[in-house]
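Be aware that the sequence shown starts at -18, since it is given in this note's numbering, and climbs by one per residue.
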Amino acid sequence: MATRLGEVLDEERHRSFVGRRRELTGFDDAVAGRSPRRVFFVHGPGGIGKTTLLLELHARARAAGRRVASLDGREVDASPEGFQLALASHGSDGAEVLLVDGYEQLAPIDTWVRDEFIPARPAGDVVVLAGRDAPAAAWRVDAGWRHLVEVYELDPLDAAESAELLARAGVAEPDRPQLVTLGRGHPLAMALLADAARAGVVPASLADVPALVSALLDSLLRDAPTQAHVTGLQACATAWQTTEDLLREVVGAEATAVWAWLERRPFIVSGPRGLAPHDLAREVLHSEFERRSPERYRSLHRVVHDHIVARLRVATGADRQLQAQHLMYLHRKAPFTAAADALRAQGSTAVVPARPGDHDEVLALIERFEGPDCAELATAWLAELPEELSVVRIDGSIDGSIGGYVYHVFHPSGSALEERDPVTRAALRHVAAHGPARPGEQVNVARFLGGRHDYQRDLYAVLAGPVSSLVAWVTRPLAWSFVMITDTGYWGPVFDYLGFAPLVEVEVGGLRHVGYGMDWRRLPVDVWLDMMSDREHSGGTGPPPASLLRPPPLDRTRFAAAVRVALPDLQRPDRLMTNLLASSMLAVDGPGSLRATIVAAIESLRDEPRGATLSAVLTRTYVRAAPTQEAAAEVLGLPFSTYRRHLAKAIEQLTDLLWAVEIGAVRLPARPGSD
């Protein structure tokens, strides 16, 4: 008797599983040691039942007492390190049976899997590799592997198996023959047809698979237990990977139930990073939801967008670039999204810090495409600030060739190269003339960008540039950003979509560089993200609307003075609306949010060393204000002179904290009820 929900789920999957006798027999014999086979390749088109078969194999291996691990190639970076990290992160590197789904995504490391990874495993281990593509010839022709490998190409279910699948799915007997004919033995189509039949809809004809899936989704949505389940399905179609955390933001307390329901959908794949619809189902779901309820679709898209941005801001290390790619995925109409999709099928798309050994290769590419003058400048930058170079490797391995590179400079860098390099000099002179950076703010210049084969049009460059830039723009306290481009024919429309303007132009070694830039004080990054979310739906392009732009930023002295003026007006919204801070980052959600930001900052002072007293003094003086300062001192139990000293210190620390918020160095935590 099952004792855990996971066991109940396994039992239900086993009960509904049909066919694949050849594959099950071969696997069972290997697990039991009755066969010399140790590696099984399972391949076939999407929806043919590879994942379902792996789930059954997982249950059978566990029932045989073997330790089992499952990986999804779509969630593993296609590199030896990424593969081993995925195993270790799931505590599965000691498993005796390894099941790998989506193996076509790991094609770049197929040689490593064959020549190093599997040969190093214990002799009794069993490995199943399932993917859309047939195995490479080396698995079949090598004299050793030929006796250890079994290859199974999954065929459609036959008529008897299809009828049995429908029967186990609860389809009435009179409806089965029609559905067997329509489904043509395709397991995914059969499962969707079964859902339709249980809702009383038996399609009379089948023109093509997309039309079938669209019709079946109508029935599926009607059968969803609640609107929350429909919304969860919408979220799953929108996000790259759907987690229960995301569902909680979308449907609230029903997230756990919706997650469990989604996992049982026949077109949803469950991986280590979350849920994702089958490719065909995702496209149909996405287009159907956008067509039927555009406003609700936009609203949900925004929730997913904000969830990813929040995760990007708190992410560290490699997870940052992963979240940036999640954010890019939401912009399906943008060229950089297509580049990421195309490259993912070829291998690693990780934008990773370069190693010292990469420098010569990158410099050679820069000299090849930009000439010796630019290569000399790049050499100097790398000598002083090597940590700002990022690369994407073609095969994902540590020593793999570089597919693309991007180099960022963050000013002030302390380097004399800021003036010596004509490109960075031009950018910084523009900043000095049109909006100097304030204390604590940085100026970001994406200085070098390219790919191995097609320079700045190379797919690796089109991936590396946006990923690295998104991380910088969303997580750094930036005043300005510039991206230096030589191929304006390709990148001009991209930056027009992003709302960046060509602000500087300079020639180096006969090559024209154009700097597309943004003053983030005039268009805060959160406002820009909102604009980009809208453009994903509207297809808008060009400069940001004037209504989104803020006045030129306050310097530190005028900012401090404005804070002192604002504090006594916290109880006077009409006067607070006219404060200079109403156009600052403290009021990024509108002038009416200025009070909430200041109050949140006052409360946040409690978390600072010896900050509780300072927070209390400000609260009693300005938030829940006593009639006079003398009365405030009395309520706080402080001598008036001590109170005045604390008040001066509190205003000073509050101003420092608010300034950090203004320049983007700090984001205040949400504190419900702070007003």
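Cβ atoms here follow ideal geometry from the backbone N, Cα and C, with glycine treated the same way.
Considering only C-alpha positions, which residue in the set 95, 141 and 149 is nearest to residue 125?
95
Quick check: the region 489 to 498 against the region 446 to 456, are there 3 or more CB pairs under 8 Å?
Contact fails: fewer than three Cβ-Cβ distances are below 8 Å.
Which first and last residues belong to the beta strand (DSSP E) in which residue 336 is found?
Here residue 336 belongs to no beta strand (DSSP E), and DSSP marks it neither H nor E.
Hey, how far is the Cα of residue 80 from the Cα of residue -5?
17 Å
Excluding the 5 residues flanking residue 162 on each side, which residues of the same chain have their C-beta closer than 6 Å to its C-beta?
none
Would residue 32 and residue 91 be called neighbours here (beta carbons separated by less than 8 Å)?
Judged by their CB atoms, residue 32 and residue 91 are not nearer to each other than the 8 Å cut-off.
With H, G and I counted as helix, E and B as strand and the rest as coil, what does DSSP make of residue 637?
helix
When the distance is taken between beta carbons, is residue 308 closer than 8 Å to residue 293?
Contact flag set, yes.
Tell me, to the nearest whole angstrom, how far the beta carbon of residue 239 is from that of residue 228; I am working on the premise that it is less than 8 Å.
Between residue 239 and residue 228, the beta carbon gap of about 5 Å places them in contact (Cβ cut-off 8 Å).
Decide if residue 639 is buried, meaning its Cβ has at least 16 other Cβ atoms within 10 Å, or exposed.
Buried, because 16 or more other Cβ atoms sit within 10 Å of the Cβ of residue 639.
Helix, strand or coil for residue 128 per DSSP?
helix
By how many angstroms is the C-alpha of residue 147 removed from the C-alpha of residue 648?
Distance between the alpha carbons of residue 648 and residue 147 is about 54 Å.
To the nearest angstrom, how far is it from the Cα of residue 636 to the Cα of residue 596?
For residue 636 and residue 596, the distance between alpha carbons rounds to 13 Å.
Determine the burial state of residue 621: buried for a count of at least 16 other Cβ atoms within 10 Å of its Cβ, exposed for fewer.
exposed
Pairs of beta-carbons, one from the region 412 to 424 and one from the region 387 to 396, closer than 8 Å: are there three or more?
yes
Looking only at its own chain, which residues have a Cβ that is under 6 Å from the Cβ of residue 87, when we skip the five neighbours before and after it?
54 and 59
What is the DSSP secondary structure of residue 486, reduced to helix, strand or coil?
strand
How many angstroms separate the CA atom of residue 347 from the CA atom of residue 571?
45 Å
Between which two residues does the beta strand (DSSP E) harbouring residue 49 extend?
49 to 53
Expressed to the nearest angstrom, what Euclidean distance is found between the alpha-carbon atoms of residue 617 and residue 547?
22 Å
If we ignore side chains and look at the alpha-carbon of each, how far apart do residue 367 and residue 405 end up?
Rounded to whole angstroms, residue 367 to residue 405 spans 17 Å at the Cα level.
Using a Cβ-Cβ cut-off of 7 Å (strictly less than) and excluding sequence neighbours within five positions of residue 657, which residues of its own chain qualify?
The chain is shown from -18 up to 656; residue 657 falls before or after that span and cannot be answered.
Under the assumption that residue 529 contacts residue 561 (Cβ atoms under 8 Å), give the Cβ distance between them as a whole number of angstroms.
For a cut-off of 8 Å, the C-beta gap from residue 529 to residue 561 is around 19 Å, too long to register as a contact.
Using DSSP's beta-bridge definition, name the partner residues of residue 283.
Answer by DSSP bridge pairing: none, since residue 283 is not bridged.
Among 446, 476, 484 and 104, which residue has its Cα nearest to the Cα of residue 522?
476
On the criterion of 16 or more Cβ atoms from any shown chain inside 10 Å, does residue 235 qualify as buried, or is it exposed?
Classification for residue 235: buried.
Label residue 338 either buried or exposed according to how many other C-beta atoms from any shown protein chain fall within 10 Å of its C-beta, with 16 as the threshold for buried.
By the neighbour-count rule (16 or more Cβ atoms within 10 Å), residue 338 is not buried but exposed.
Could you say which of 320, 515 and 448 lies nearest to residue 480 if we only look at CA atoms?
Nearest C-alpha to residue 480 among 320, 515 and 448: 515.
Let me know the secondary structure DSSP gives residue 427 once reduced to three states.
strand
In whole angstroms, what is the alpha-carbon distance linking residue 653 and residue 484?
Low local confidence applies: a pLDDT of 46 at residue 653 is under 50, so the model's placement there is unreliable, and no value is given.
Using 8 Å as the cut-off, can you tell me whether the region 17 to 30 makes contact with the region 114 to 133, which would need three or more C-beta pairs spanning the two stretches below that distance?
yes
So residue 449 and residue 332 are in contact, right, with Cβ under 8 Å, and what is the actual spacing, rounded?
6 Å
So if DSSP puts residue 134 in a beta bridge, which residue, or which two residues, is it bridged to?
24
To the nearest angstrom, report how far apart residue 432 and residue 549 are at their CA atoms.
56 Å
To the nearest angstrom, how far is the alpha carbon of residue 582 from that of residue 575?
11 Å
Rounded to whole angstroms, how far is the Cβ of residue 704 from the Cβ of residue 242, which I believe are closer than 8 Å?
The displayed coordinates of the chain run from -18 to 656. Any statement about residue 704 would go beyond what the structure contains.
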